[in-house]
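Under my numbering, think of the first position of the sequence shown as 12, with each following residue one higher.
Written below as structure tokens is the structure these notes are about.
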Amino acid sequence: MKTKIFASFLIITFIAGFFTCALSLAADINAVKANMEKRLPLVVELKSKGIVGEDNNGYLQFVGGKREKEATVEAENQDRKEVYQVIAKKERVSVEQVGQRRALQIINKARKGEWLQDPNGKWYQK
12 MKTKIFASFL IITFIAGFFT CALSLAADIN AVKANMEKRL PLVVELKSKG
62 IVGEDNNGYL QFVGGKREKE ATVEAENQDR KEVYQVIAKK ERVSVEQVGQ
112 RRALQIINKA RKGEWLQDPN GKWYQK
């Protein structure tokens with residue numbers, strides 16, 4: 012009887028821990044997405060000025076000699092990586108695959124004049 016109670020306790024504890032962890036990850040990813048949304052106008056500005064472009068792995072990269080707002084670019088890339096990690100885990104694929112798929116989506120939505128990187132690593136303007 013004690014063994015069954017202990018086993019039930021362990022199962023309930025595991026399930027509670029799993030859901031707590033899942034809720035925590037959801038809250039964390041929502042905070043990351045909120046930060047990205049706040050940063051979006053500056054990212055759009057940097058892209059429109061030709062300072063950064065979208066690489067073929069789904070991250071921002073400096074494309075010219077001018078390096079403006081480096082902390083913003085680093086923060087954006089870190090947040091993108093966190094989002095890609097969550098998606099990769101959910102879909103059971105690599106983070107790199109998620110980033111590359113995202114890069115293709117970005118290419119389709121890019122505005123005229125923005126810098127993009129093709130799959131071979133060559134930069135071009137849309």
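The beta-carbon is built from N, C-alpha and C at its ideal position, and this holds for glycine as well.
- Contact between the segment 115-125 and the segment 78-94 is not established, with fewer than three Cβ pairs separated by less than 8 angstroms.
- Per DSSP, the beta-bridge partners of residue 65 are 71 and 127.
- For residue 137, no alpha helix (DSSP H) segment is defined, and its DSSP state is neither H nor E.
- Rounded to whole angstroms, the separation of the alpha carbons of residue 137 and residue 106 is 26 angstroms.
- Listed in chain order, the non-local C-beta contacts of residue 129 below 7 angstroms within the same chain comprise 67 and 135, local neighbours out to five positions each way being set aside.
- Counting every other CB atom within 10 Å of its CB across the protein chains shown gives residue 51 a total below 16, marking it as exposed.
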